[in-house]
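J.:
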Amino acid sequence: MLIRTKENTFNVRFSDGTEKSYLKGTTIKEILDLNRPPQMESVVLALINKEPADLGLKLFSDCRLDWIRENTPEAFRSYQATLSLVLIRATDELFPQLSLLIDHSIGNGIYCEIRGKRKISGFTVKKIKKRMNEIINRNDPIEPVSLLLKPALQSLEKRGEDPDFIAGNAAKSHLLLHRCGSTTTYLAYPLFPSTGHIKAYNLINWEKGMVLLFPEQDNLEEIPYFPNPKKLFSVFHEFGHWEKILQINKAAGINRVVRNNKIGDYIKISEGLHEKKIATIADKISGKRKKQRIILLAGPSSSGKTTFVKRLAIQLRVNGISPLVISLDDYFIDRNMVPLDENGNPDWESPASLDIDRLNADLKNLINGRRVELPKFDFKSGKSIKGDVVQLRSDQPVLLEGIHGLNDNITHSIPAKRKIKIYVSALTQLNITDHVRIPTSDIRLLRRMIRDHQFRSHSPEDTITTWPSVRSGENKYIFPLQENADIIFNTALSYEPAVLRAVLEQVLEDIPEQSDAYTEARRLLEMLKHFLPVDPKYVPSNSILREFIGESSFSY
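Just so you know, we're using the working numbering here: the sequence shown kicks off at 2 and counts up by one.
(1) Please work out which residues of its chain come closer than 7 Å, Cβ to Cβ, to E497, disregarding the five sequence neighbours upstream and downstream, and give them in chain order.
(2) Please report the distance separating the alpha-carbon of G406 from that of E506.
(3) Tell me the DSSP secondary structure of I357 in three-state form.
(4) Take G123 and list the residues in its own chain whose beta-carbon comes closer than 6 Å to its own, dropping the five residues that flank it on each side.
(5) Could you please give the first and the last residue of the uninterrupted beta strand (DSSP E) stretch that includes D379?
(6) What are the start and end residues of the alpha helix (DSSP H) that includes R260?
(7) Taking L157 as part of the alpha helix (DSSP H), name the residues at either end of that continuous run.
(8) Taking contact to mean 3 or more Cβ pairs, one atom from each stretch, closer than 8 Å, check whether the region 171-184 and the region 140-155 are in contact.
(9) Taking just the CA atoms, how far does H242 sit from Y112?
(10) Could you check the C-alpha separation between V45 and A76 for me, to the nearest Å?
(11) Which stretch, first to last residue, makes up the beta strand (DSSP E) that contains E186?
(12) Per DSSP, Y112 is paired with what?
(13) Suppose you measure from the CA of A91 to the CA of V126; what does that come to, to the nearest Å?
(14) Thinking just about the alpha-carbon of each residue, which of L329, N346 and I327 is nearest to the one in R336?
(15) Does the region 158-170 come into contact with the region 45-57, if we say contact requires no fewer than three beta-carbon pairs (one atom in each stretch) closer than 8 Å?
(16) By DSSP's criteria, A47 is part of a beta bridge. Which residues make up the other side?
(17) By Cβ distance below 6 Å, which residues in the same chain neighbour I465 in space, the five residues on each side in sequence not counted?
(18) To test your reading of the DSSP string, which unbroken beta strand (DSSP E) runs of 3 or more residues are found completely within the region 467-516?
(19) Using a threshold of 8 Å, is the CB atom of N206 nearer than that to any non-hydrogen atom of the ligand ZN?
(20) Output the boundary residues of the beta strand (DSSP E) element that contains D389.
(21) State the beta-bridge partners of T28 as determined by DSSP.
(22) Return the first residue and the last residue of the alpha helix (DSSP H) that E94 is part of.
(23) On the DSSP bridge list, what partners appear for I205?
(24) Taking the beta strand (DSSP E) that E402 belongs to, which residues open and close that run?
(25) Does the beta-carbon of D348 have 16 or more other beta-carbons within 10 angstroms, so that it is buried, or is it exposed?
(26) The alpha helix (DSSP H) that contains L525, what's its start and end?
(27) Between which residues of its own chain and K59 is the CB-CB distance below 6 Å, once the five residues before and five after are set aside?
(28) Taking the beta strand (DSSP E) that S426 belongs to, which residues open and close that run?
(29) Could you please give me the residues that DSSP links to V146 through a beta bridge?
(30) Counting only the same chain and skipping the five closest in sequence on each side, list residues whose C-beta sits under 7 Å from that of E71.
(31) Would you mind reading off the limits of the beta strand (DSSP E) that contains T10?
(32) Around the Cβ of T492, are there at least 16 other Cβ atoms within 10 angstroms (buried) or fewer (exposed)?
(33) Excluding the five sequence neighbours on either side, which residues of its own chain have a C-beta within less than 8 Å of the C-beta of S156, listed in chain order?
(34) Cutting at 8 Å between CB atoms, please list the residues of its own chain near L509, excluding the five before and the five after it.
(35) Grab me the residues of T10's own chain with a C-beta within less than 8 Å of its C-beta, minus the 5 sequence neighbours each way, in chain order.
(36) Name the residue from D63, D55, V339 and P38 whose alpha carbon lies nearest to the alpha carbon of K7.
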């Protein structure tokens with residue numbers, strides 16, 4: 002029997018304040034089995050010093066340990082990553098000469114293709130799903146494998162990965178991979194201990210590939226309706242097309258451009274593509290200016306709507322059109338009248354927070370050539386006050402910007418043929434590896450964080466902790482309507498994570514461990530560390546990114 006000494010043991014502090022000693026090399030799962038906490042069967046991960054970890058991980062040094070149960074954000078990320086590994090393994094086993102690309106989010110799932118197959122047939126998808134079911138039903142173990150960096154990268158190179166995806170993290174000595182059966186890959190996040198923890202999913206044939214559908218965090222037993230977002234997919238496809246032309250669709254490509262001192266030119270090209278697209282939208286609007294007098298623009302938080310509006314207005318002026326820009330925010334009702342959400346807080350995202358009757362009356366009067374006194378919302382007092390008196394010329398459109406722009410009930414008095422609807426969002430398609438994507442919401446959260454930190458006196462911790470509430474409003478009021486748009490503009494910039502690392506790395510590092518935002522801050526930081534940092538000086542002053550990092554040539 003091994004005698005316990007200070008040299009061969011370590012101490013674990015639990016959330017209830019107790020502390021226990023274990024032999025070095027004990028796994029988290031063994032500690033779980035020894036302690037048997039309440040609702041033990043729902044524990045799927047752990048927090049080691051407030052950072053998520055696999056239950057199969059071996060521990061060697063003193064730490065704080067907390068349990069993560071199902072139906073939490075951390076567990077849901079692991080659910081998605083674990084299910085992705087099951088799909089990767091099934092594809093490996095059925096098509097060993099080909100490779101799976103987990104491309105981008107779409108609806109409540111992720112769009113995937115198999116490299117080497119021009120189009121995935123329905124028969125192939127059924128075959129893959131059958132193999133996935135077999136893997137899940139066997140409850141096969143998933144093993145975390147910590148390797149020295151060089152052999153880890155060699156293993157991934159055999160899968161066709163470019164080792165430069167980790168170039169931004171020079172201090173990293175080890176890389177955590179995951180093994181299930183004969184499949185070993187990098188997924189950048191802890192996974193469940195076995196495949197049997199997957200409760201529900203679906204795999205459907207869609208476009209040239211397939212979509213892996215997830216349940217929702219609060220209900221892991223059912224798969225929600227897939228909305229078939231064809232318009233959104235076409236924008237992702239277009240962005241992917243340009244990335245292929247530029248030969249940069251993953252972190253490794255950006256890192257090589259940075260290392261070869263070509264990032265300045267790459268940024269100019271990326272911004273040029275934005276300008277070309279905005280000019281094309283302006284041309285489309287100009288061709289219909291007599292019929293479509295109301296331009297409605299909507300998008301989720303931190304999508305770059307304000308800068309897009311300003312740049313679109315410039316391109317419209319180039320075409321001889323001077324739009325009247327109105328913000329839906331100025332139609333807020335007084336703060337004391339705003340409906341409350343389920344937590345008892347004012348629900349500013351709800352359409353009921355807007356004076357819809359006045360908005361419709363003003364729009365009708367404007368397009369009929371009458372003078373209108375616009376409202377102005379004073380956020381300091383929480384009251385609506387008098388704004389400018391305006392009158393439109395016969396060929397002058399209204400550009401109405403706000404999160405509810407795609408909701409026809411907001412502008413119910415204006416016939417559909419008089420409106421053109423534009424949806425704006427940062428639809429990130431740049432991936433870290435073939436199997437690790439960057440969620441679109443992560444880029445928007447990072448944008449919001451730096452803007453709030455620099456210009457709105459909000460701490461990064463406040464931004465992180467309030468983000469779930471923002472996302473809840475988007476899921477309720479914005480995303481279900483995105484396919485109603487006539488035009489979709491993608492504000493994502495593939496070089497953006499590298500710039501965001503340069504401006505946010507220290508901000509995220511400074512969030513203390515005792516903060517409620519610490520775990521999420523570390524996750525975001527680890528994502529950014531895949532990229533070599535890029536000095537913001539290369540970003541043009543009219544870039545959408547400048548709306549968030551500062552020094553924009555526009556006034557906000």
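Every residue, glycine too, gets a C-beta built ideally from N, C-alpha and C.
T.: The relevant details are as follows:
(1) Position 496 of the sequence shown, counted from the start, is the residue given in the question as residue 497. Within the same chain, E497 has close Cβ partners I444 and L546.
(2) Counting from one through the sequence shown, the residue named residue 406 turns up at place 405. Counting from one through the sequence shown, the residue named residue 506 turns up at place 505. Distance between the alpha carbons of G406 and E506: 34 Å.
(3) As a first step, residue 357 must be located in the sequence shown, where it is residue number 356. Collapsing the DSSP output to three states places I357 in a helix.
(4) Residue 123 sits at position 122 when you count from the first residue of the sequence shown. Residues N206 of the same chain have their beta carbon placed closer than 6 Å to that of G123, with the five preceding and five following residues left out of the count.
(5) In the sequence shown, counting from the first residue as 1, residue 379 sits at position 378. It spans V373 to D379 - the beta strand (DSSP E) in which D379 sits, taken as one unbroken run.
(6) Position 259 of the sequence shown, counted from the start, is the residue given in the question as residue 260. Here the alpha helix (DSSP H) through R260 covers A252 to R260.
(7) The sequence position of residue 157 within the sequence shown is 156, counting from 1. Unbroken alpha helix (DSSP H) run through L157: L150 to E158.
(8) The region 171-184 is in contact with the region 140-155.
(9) On the sequence shown, position 111 is the one that residue 112 refers to. On the sequence shown, position 241 is the one that residue 242 refers to. So the two alpha carbons sit approximately 15 Å from each other.
(10) Within the sequence shown, residue 45 is the residue found at index 44, counting from 1. Within the sequence shown, residue 76 is the residue found at index 75, counting from 1. Roughly 7 Å separates the two Cα atoms.
(11) As a first step, residue 186 is located in the sequence shown; it is residue number 185 there, counting from the start. The residue you asked about is not Glu; residue 186 is Thr in the sequence shown. Looking at the DSSP string, the run of the beta strand (DSSP E) that includes T186 is T184 to T186.
(12) Translated into positions along the sequence shown, residue 112 becomes position 111. Beta-bridge partners assigned by DSSP to Y112: H105 and V212.
(13) In the sequence shown, counting from the first residue as 1, residue 91 sits at position 90. In the sequence shown, counting from the first residue as 1, residue 126 sits at position 125. When the Cα atoms are used, A91 and V126 turn out to be separated by approximately 11 Å.
(14) Position 335 of the sequence shown, counted from the first residue, corresponds to residue 336. The shortest C-alpha separation from R336 is found at N346.
(15) Not touching, per the Cβ criterion.
(16) Here residue 47 corresponds to residue number 46 of the sequence shown, with the count starting at 1. Answer by DSSP bridge pairing, in chain order: A54 and W68.
(17) For the purposes of this step, residue 465 is identified with residue 464 of the sequence shown, where counting begins at 1. Same-chain partners within the cutoff: A518 and E521.
(18) The region 467-516 contains these whole beta strand (DSSP E) runs: 488-491.
(19) Absence of the ligand ZN is noted for the structure shown, with no ligands found whatsoever.
(20) Locating residue 389 in the sequence shown gives position 388, where the first residue counts as 1. D389 -> beta strand (DSSP E) spans K384 to V391.
(21) The residue labelled residue 28 in the question sits at position 27 within the sequence shown. Partner(s): K59.
(22) For the purposes of this step, residue 94 is taken as residue 93 along the sequence shown, with counting starting at 1. Where E94 is concerned, the enclosing alpha helix (DSSP H) stretches over P74 to L95.
(23) The count along the sequence shown starts at 1 and reaches residue 205 at position 204. Bridge partners of I205 according to DSSP: V212.
(24) The residue you call residue 402 lines up with position 401 of the sequence shown. Bounds of the beta strand (DSSP E) holding E402 are V399 to E402.
(25) Your numbering for residue 348 matches position 347 in the sequence shown. That one is buried.
(26) Start at 1 with the first residue of the sequence shown, and residue 525 comes out as number 524. Y519 to L529 is the extent of the alpha helix (DSSP H) around L525.
(27) Numbered from its first residue, the sequence shown carries residue 59 at position 58. The beta carbon of K59 sits closer than 6 Å to those of G26 and T28, all from its chain and outside the five residues before and after it, given in chain order.
(28) Residue 426 sits at position 425 when you count from the first residue of the sequence shown. Looking at the DSSP string, the run of the beta strand (DSSP E) that includes S426 is K420 to S426.
(29) Taking the first residue of the sequence shown as 1, we reach residue 146 at position 145. L178.
(30) Residue numbering aside, residue 71 sits at position 70 when the sequence shown is read from its first letter. Counting only Cβ-Cβ distances below 7 Å, and skipping sequence neighbours, we find S43, V45 and L221.
(31) By 1-based counting over the sequence shown, the position of residue 10 is 9. Start and end: T10 to F15.
(32) In the sequence shown, the residue the question calls residue 492 occupies position 491. Within a 10 Å sphere around the beta-carbon of T492 sit 16 or more other beta-carbons, which makes this residue buried.
(33) Your numbering for residue 156 matches position 155 in the sequence shown. Once the five neighbours on either side are set aside, the close Cβ partners of S156 are L148, L178 and T185.
(34) Locating residue 509 in the sequence shown gives position 508, counting from the first residue. Cβ within range, chain order: P461, A522, R523, L525, L526 and L529.
(35) In the sequence shown, counting from the first residue as 1, residue 10 sits at position 9. Within the same chain, Cβ atoms closer than 8 Å to the Cβ of T10 are found at S22, Y23, L24 and K25, the five residues on either side in sequence being excluded.
(36) By one-based count along the sequence shown, residue 7 stands at place 6. The candidate whose alpha carbon is nearest that of K7 is D63.
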